[in-house]
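Number of protein chains: 2
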Amino acid sequence: MAIRDLILKNRSYRRFDQGFRIEEKTLRELVDLARCSATAANRQPLKFMLSTQPEKNAQIFKTVGFARQLDWQGPAEGERPSAYIIILGDTEISQNFGCDHGIAAQSILLGAVERGLGGVMLGSANKDVLRASLNIPAKYEILLVVALGKPKETVVLETIGQDGKTAYWRDEKSVHHVPKRRLEDLIVG
Amino acid sequence: MAIRDLILKNRSYRRFDQGFRIEEKTLRELVDLARCSATAANRQPLKFMLSTQPEKNAQIFKTVGFARQLDWQGPAEGERPSAYIIILGDTEISQNFGCDHGIAAQSILLGAVERGLGGVMLGSANKDVLRASLNIPAKYEILLVVALGKPKETVVLETIGQDGKTAYWRDEKSVHHVPKRRLEDLIVG
Numbered sequence: 200m201a202i203r204d205l206i207l208k209n210r211s212y213r214r215f216d217q218g219f220r221i222e223e224k225t226l227r228e229l230v231d232l233a234r235c236s237a238t239a240a241n242r243q244p245l246k247f248m249l250s251t252q253p254e255k256n257a258q259i260f261k262t263v264g265f266a267r268q269l270d271w272q273g274p275a276e277g278e279r280p281s282a283y284i285i286i287l288g289d290t291e292i293s294q295n296f297g298c299d300h301g302i303a304a305q306s307i308l309l310g311a312v313e314r315g316l317g318g319v320m321l322g323s324a325n326k327d328v329l330r331a332s333l334n335i336p337a338k339y340e341i342l343l344v345v346a347l348g349k350p351k352e353t354v355v356l357e358t359i360g361q362d363g364k365t366a367y368w369r370d371e372k373s374v375h376h377v378p379k380r381r382l383e384d385l386i387v388g
Numbered sequence: 200m201a202i203r204d205l206i207l208k209n210r211s212y213r214r215f216d217q218g219f220r221i222e223e224k225t226l227r228e229l230v231d232l233a234r235c236s237a238t239a240a241n242r243q244p245l246k247f248m249l250s251t252q253p254e255k256n257a258q259i260f261k262t263v264g265f266a267r268q269l270d271w272q273g274p275a276e277g278e279r280p281s282a283y284i285i286i287l288g289d290t291e292i293s294q295n296f297g298c299d300h301g302i303a304a305q306s307i308l309l310g311a312v313e314r315g316l317g318g319v320m321l322g323s324a325n326k327d328v329l330r331a332s333l334n335i336p337a338k339y340e341i342l343l344v345v346a347l348g349k350p351k352e353t354v355v356l357e358t359i360g361q362d363g364k365t366a367y368w369r370d371e372k373s374v375h376h377v378p379k380r381r382l383e384d385l386i387v388g
């Protein structure tokens with residue numbers, strides 16, 4: 200698939216067919232895409248924790264926030280992610296992870312979309328609870344949680360309105376609309 | 200091209216055919232890939248400054264650091280980038296850019312590689328000089344400089360050695376070798 204099509208298909212999906220199982224092998228292939236992506240000064244300070252099991256998924260689910268801009272408690276049972284990749288920063292390697300986790304997460308999600316999966320980067324997690332639930336050692340900073348599954352929602356890009364509001368919304372058919380700024384508004388010179 | 204092939208082809212290239220011109224239209228298409236990529240809470244705080252002109256390129260070149268791990272002053276005249284995309288954070292939109300610039304830069308570079316181009320994310324720039332040279336308003340934080348061109352070097356991934364060193368090196372044929380950690384060393388649970 201052309202990269203533009205892949206990027207357009209790679210929306211932030213938050214509702215999934217929870218019964219669809221993702222194998223650990225698939226997560227490992229996705230992490231390998233991150234492994235082969237750029238990292239500042241080639242330090243490679245990121246580590247990855249994987250979850251494909253319903254019990255572990257449920258523990259992670261309890262600690263992450265989905266779509267805080269909506270009046271929504273996150274996906275209902277049956278529509279939750281089938282897997283997670285938790286991106287950690289190894290402070291024994293570096294104290295500064297720059298934007299390495301953004302590069303890694305983008306590679307992971309593009310790989311997921313190519314496989315007919317999808318997901319979302321979740322930056323808001325109750326990190327203390329997550330750390331305790333999964334016994335994440337103190338030396339790892341929790342940077343990002345990538346939720347993955349078989350998407351079961353429609354996400355549509357919209358051109359930002361006159362009001363300049365960027366908050367996404369859902370219509371009466373539960374389609375998720377995401378206002379994007381115009382290209383000409385992003386280019387400043 | 201499959202995403203894995205694209206990611207593997209997307210090495211950090213630092214030597215280019217400087218005579219190869221990149222049109223502004225191409226840079227705009229690449230920024231559009233970033234525009235359609237994920238951004239925390241859909242805030243879209245990134246702005247982009249483009250350069251395709253030799254004079255502006257030269258101004259940018261003077262302020263950025265290439266491959267600081269090598270005893271190398273950066274690409275010689277004739278091997279320098281043909282274009283740059285400077286990724287800025289608009290502090291009027293957000294004070295915290297998270298890893299948005301990593302996501303954006305990865306989309307930009309994957310798009311570049313698909314077009315037969317390539318480049319590198321440069322995090323170390325003399326930001327004060329860069330700001331002054333290009334009259335970048337104070338409200339924009341300089342986050343990352345993406346250098347682009349027609350790559351004119353060979354970059355090879357290596358498995359990290361027993362010494363655990365991640366520094367890249369060049370061999371007598373000027374091939375650039377990049378040691379990567381093993382997948383099993385990145386997965387911690």
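Going down the list, the protein sequences come from chains B and D.
Residues in the first sequence are numbered from 200 upward in steps of one, following this note's numbering.
Residues in the second sequence are numbered from 200 upward in steps of one, following this note's numbering.
We put the beta carbon where it would ideally sit given N, CA and C, even for glycine.
Just so you know, these numbers come straight off a predicted model, no measurement behind them.
query, result
"Straight-line gap, Arg369/B to Gln243/D (C-alpha atoms, nearest Å)", "19 Å"
"Candidates Glu383/B, Leu205/B, Val355/B and Val328/B, of which the one nearest Val263/B by Cα", "Val328/B"
"Simplified DSSP assignment, three categories, for Ile359/D", "coil"
"Any C-beta of chain B under 8 Å from that of Leu347/D", "no"
"For Leu207/B, the nearest candidate out of Asn241/B, Val354/B and Val387/B (CA to CA)", "Val354/B"
"C-beta atoms of Asp216/D and Lys351/D nearer than 8 Å", "yes"
"Helix, strand or coil at Ala266/B according to DSSP, with G and I counted as helix", "coil"
"Nonlocal neighbours in the same chain, by C-beta distance under 7 Å from Gly322/D, ignoring five residues either side", "Leu343"
"DSSP-derived helix/strand/coil call for Lys208/B", "helix"
"Interface flag, Asn256/B vs chain D, CB-CB below 8 Å", "no"
"Residues of the segment 296-311 of chain D with Cβ closer than 9 Å to any Cβ of chain B, in chain order", "Phe296, Gly297, Cys298, Asp299, His300, Gly301, Ile302, Ala303, Ala304, Gln305, Ser306, Leu308, Leu309 and Gly310"
"Whole-Å CB distance - Leu385/B paired with Lys246/D, under 8 Å assumed", "6 Å"
"Proximity of Ser250/B and Asn256/B at Cβ, strictly below 8 Å", "yes"
"Contact residues within the segment 214-237 of chain D, judged by C-beta distance below 7 Å to chain C", "Reference to chain C is not applicable here, since the protein chains of this structure are B and D."
"Spatially closest choice to Met320/B from Arg330/B, Ile285/B and Glu278/B, by CA coordinates", "Ile285/B"
"Short Cβ contact (8 Å threshold) for Cys298/D with Cys235/B", "no"
"Limits of the alpha helix (DSSP H) - the one that Ile307/B falls within", "Asp299 to Glu313"
"Among Lys349/D, Val377/D and Gly360/D, the one whose alpha carbon lies nearest that of Pro280/D", "Lys349/D"
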